[in-house]
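The block underneath contains the structure these notes are about, expressed in structure tokens.
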Amino acid sequence: MWLTDSSIGRKFVMSISGLFLVLFLLFHASMNLTLIFSEDAYNWICEMLGANWYALIGTGVLALGVLVHFAFAIVLTYQNRKARGNDRYAVETRQEGVDWASKNMLALGIIVLGFLVLHLANFWFKMQFQELTGLKTGAFDPQNGAAYVKYLFTGLYDPAGIQEGYEFSPMANWLHPVYCILYLVWLCALWFHLSHGVWSALQTMGMSNTLWLNRIKVISIVVATIIVGMFAAVIVYYLGMFVGANCF
Amino acid sequence: MDKNINIKVRVWRQAGPKAKGYFETYELKNIFQGASFLEMMDILNEQLIAEHKDPIAFDHDCREGICGMCSMYVNGHPHGPDSAITTCQLHMRKFNDGETITVEPWRSHAFPVIKDLMVDRGAYDKIMQAGGFISVNTGGVPDANAIPIPKAKADEAMDAASCIGCGACAAACKNGSAMLFVAAKVSQLALLPQGKVEAAKRAKAMVAKMDELGFGNCTNTGACAAECPKSVSLTNIARLNREFLAAKFQD
Ligand code: HEM
Ligand code: SF4
Ligand code: FES
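Taken in order, these protein sequences are the chains called A and B.
Anchor point for the first sequence: position 212 equals 212 in our numbering, and the numbering is continuous, going up by one each time.
Anchor point for the second sequence: position 116 equals 1116 in our numbering, and the numbering is continuous, going up by one each time.
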């Protein structure tokens, strides 16, 4: 199969799976953004994308996408190290115009993946998983996602929102801003990954020429900034809320 | 103004393909900055011969930037610190008095060291043999204007054809990828009507050979184009991707 046997085929899989994840993130980030404007709107989305069949299929396809992207990333990087050979140069320099992210895509991707695990434990396990199994893994009703997000990042909650029969003990207050900072670090790594990834994916698919090469590089930065900006806005919003509630 | 400088040259010495290599540092006095880098290497070798030592083996031929033989990795750059030139076009005025210059061979799995600074770049020849040509029947010389070609296309093809097959692209690449070379060789033909006939077959055959020989997967870092002595553009890689993907989707 040429998609696995040829270098350009493997790169093609890499770029398709990467762009698929980019589209998902755009979708995800715009949903999150509603938190700033209306908690009701966010909760309406939580209801829509609970544990029904389309949300589950979506989750499955997504997991497959991450898996393919990750598996190919490992294989490609391994093959590339082998192609480089065991003898390294004694003097290594940076070439002009070669961005740092492009040489550290695997490392950046692994940081992204590490935080993804934390993120799934924070949210997916307490929301979709809870709805699926009926086990009370979280203090809040999954349909009331906004209350949970707010609690995680600021520590603020309405005691009436705690689910019946759940032993709720609030976590240490300093953990809330730490979560905020961790998520912001994660977003930085994502920004670097995408600032190279998007144009690299388009180039791999052949969508580049003398005119478009610079354009797709700009598009890459813009897409990375939009995605990371939307996610970060929500975190910064809650971080501000935490500071407001605790420091004044 | 060019003056005479004293330098140290730290060179990779390796007796043969299987031997273990090491760096050795030589001192050179009164090197004229107007000399070329290879002339400096010649002076060094004469000094070594006078001392009854083994001279340093390095590839060179035309010494005017057209054959692609000279292949030295100087101070962290293939073809040295200057841009858009070959090692043979590099001048000693790029270096300062008292400087230590590190000279290494191309290092890439598919370019094994033969001796000292000389590496086996036969892999590029094998890729060419796999499809870097057009098949035409011999006969009378056709009229040069019989096939009209737009000027822009002709220029792009000419730019791709400026590749001299030196191997700096794979040597510079952190992934040991030969994509810039293969892209240039596919592009110079794919852009022209004469090359279109076998375009799909060519792209598939050359990429397959490149993969078989153990070159890496391109991740578009761009180090190749930054170091290429002929400034072959990254856009050629996009064209190679297009040609290859189109050929595979047609199958
Ligand atoms: C699971 C953790 C991840 C790892 C280990 C990872 C790793 C990699 C690696 C090694 C590359 C190849 C570098 C290159 O071809 O330039 C790559 C490319 C890419 N990644 Fe990721 N990545 C991960 C997650 C993500 C996520 C979550 C996204 C999307 C939001 C993403 C988007 C991309 C894109 C668009 C490319 C460019 C594909 C191409 O160059 O052809 N990656 N990734
Ligand atoms: S593309 Fe440039 S660096 Fe690569 S072989 Fe051709 S001339 Fe040398
Ligand atoms: S010796 Fe011919 S290009 Fe340098």
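The C-beta atom is built at its ideal place from N, Cα and C for all residues, glycine as well.
As the structure is a prediction and not an experimental result, all values here were calculated from the model.
Item to check | Residue-level contact to chain B via CB, residue 4(A), 8 Å cutoff | outcome: Your numbering for residue 4(A) matches position 4 in the first sequence. Closer than 8 Å: no.
Item to check | Distance, residue 1219(B) Cα to residue 1201(B) Cα | outcome: Residue 1201(B) sits at position 201 when you count from the first residue of the second sequence. Residue 1219(B) sits at position 219 when you count from the first residue of the second sequence. Near 24 Å, if we compare the C-alpha coordinates of residue 1219(B) and residue 1201(B).
Checklist entry - Is the beta carbon of residue 244(A) within less than 7 Å of some heavy atom of ligand 5? => result Summarising the ligand content, the structure contains ligand 1, ligand 2 and ligand 3 and does not contain ligand 5.
Next on the checklist: Taking the alpha carbon of residue 186(A) as the reference point, which residue from 90(A), 100(A), 118(A) has its own alpha carbon closest?
Outcome noted: Translated into positions along the first sequence, residue 186(A) becomes position 186. When only C-alpha atoms are compared, the closest one is 118(A).
Item to check | Proximity test, Cβ basis, 8 Å: residue 89(A) and chain B | outcome: In the first sequence, residue 89(A) corresponds to position 89, counting from 1. Yes, contact with chain B.
Checklist entry - Going by alpha carbons, who is nearest to residue 1036(B) out of 1064(B), 1051(B), 1161(B)? => result Mapped onto the second sequence, residue 1036(B) falls at position 36. Residue 1036(B) has its Cα closest to that of 1064(B), out of 1064(B), 1051(B), 1161(B).
Item to check | Residue-level contact to chain A via CB, residue 1026(B), 8 Å cutoff | outcome: Your numbering for residue 1026(B) matches position 26 in the second sequence. No, residue 1026(B) lies away from the interface with chain A (no Cβ there is under 8 Å from its Cβ).
Checklist entry - Beta carbon of residue 1169(B): closer than 7 Å to some heavy atom of ligand 3? => result As a first step, residue 1169(B) is located in the second sequence; it is residue number 169 there, counting from the start. Not under cutoff, so the answer is no.
Checklist entry - Taking the alpha carbon of residue 1190(B) as the point to measure from, which residue in 1178(B), 1237(B), 1229(B) has its own alpha carbon closest? => result Residue numbering aside, residue 1190(B) sits at position 190 when the second sequence is read from its first letter. Considering only alpha carbons, the answer is 1237(B).
Checklist entry - Alpha carbon to alpha carbon, what distance is there between residue 1168(B) and residue 1226(B)? => result Reading the second sequence from its first residue, position 226 is the one you call residue 1226(B). Reading the second sequence from its first residue, position 168 is the one you call residue 1168(B). If you take the alpha carbons of residue 1226(B) and residue 1168(B), they lie about 10 Å apart.
Item to check | chain A contacts made by the region 1191–1214 of chain B, where a contact means CB separation under 8 Å | outcome: 1207, 1208, 1210, 1211, 1214
Checklist entry - Span of the alpha helix (DSSP H) holding residue 1096(B)? => result Taking the first residue of the second sequence as 1, we reach residue 1096(B) at position 96. Per DSSP, residue 1096(B) belongs to no alpha helix (DSSP H) and is neither H nor E.
Checklist entry - residue 1124(B) by DSSP, collapsed to three states: which one? => result Your numbering for residue 1124(B) matches position 124 in the second sequence. Of the three classes helix, strand and coil, the one that applies to residue 1124(B) here is helix, per DSSP.
Item to check | Counted within 10 angstroms of its Cβ, other Cβ atoms place residue 1054(B) as buried (16 or more) or exposed | outcome: Within the second sequence, the letter at position 54 stands for residue 1054(B). Exposed: under 16 other Cβ atoms inside 10 Å.
Checklist entry - Which residue comes first and which comes last in the alpha helix (DSSP H) that contains residue 1020(B)? => result As a working mapping, residue 1020(B) is identified with position 20 in the second sequence. Where residue 1020(B) is concerned, there is no enclosing alpha helix (DSSP H), given that its DSSP letter is neither H nor E.
Next on the checklist: Taking its Cβ as the centre, do 16 or more other Cβ atoms sit within 10 Å of residue 94(A), making it buried, or is it exposed?
Outcome noted: Within the first sequence, the letter at position 94 stands for residue 94(A). Exposed, because fewer than 16 other Cβ atoms sit within 10 Å of the Cβ of residue 94(A).
Checklist entry - Among 1101(B), 1208(B), 1067(B), which one has its Cα closest to the Cα of residue 1024(B)? => result Position 24 of the second sequence, counted from the start, is the residue given in the question as residue 1024(B). Among 1101(B), 1208(B), 1067(B), the Cα nearest to that of residue 1024(B) belongs to 1101(B).
Checklist entry - When Cβ atoms are compared, which residues of the region 10–21 of chain A fall closer than 7 Å to chain B? => result Within the region 10–21 of chain A, the qualifying residues are 10, 11, 12.
Checklist entry - What first and last residue would you give for the beta strand (DSSP E) that runs through residue 1104(B)? => result Mapped onto the second sequence, residue 1104(B) falls at position 104. Taken as a continuous stretch (DSSP letters only), the beta strand (DSSP E) holding residue 1104(B) covers 1100–1104.
Item to check | beta-carbon residue 1166(B) near ligand 2 non-hydrogen atom, thresh 7 Å | outcome: Looking up residue 1166(B) in the second sequence gives position 166. Using a cutoff of 7 Å, the CB of residue 1166(B) counts as near ligand 2, since one of the ligand's heavy atoms is closer than that.
Next on the checklist: In whole angstroms, give me the CA-to-CA distance for residue 31(A) and residue 1243(B).
Outcome noted: Looking up residue 31(A) in the first sequence gives position 31. Looking up residue 1243(B) in the second sequence gives position 243. One C-alpha to the other measures close to 39 Å.
Next on the checklist: In the DSSP assignment, the beta strand (DSSP E) including residue 1115(B) goes from what residue to what residue?
Outcome noted: Along the second sequence, read from residue 1 onward, the residue named residue 1115(B) stands at position 115. Here the beta strand (DSSP E) through residue 1115(B) covers 1113–1115.
Checklist entry - Taking the alpha helix (DSSP H) that residue 191(A) falls in, what are its first and last residues? => result As a position in the first sequence, residue 191(A) is number 191, starting the count at 1. From DSSP, the alpha helix (DSSP H) with residue 191(A) extends over 175–204.
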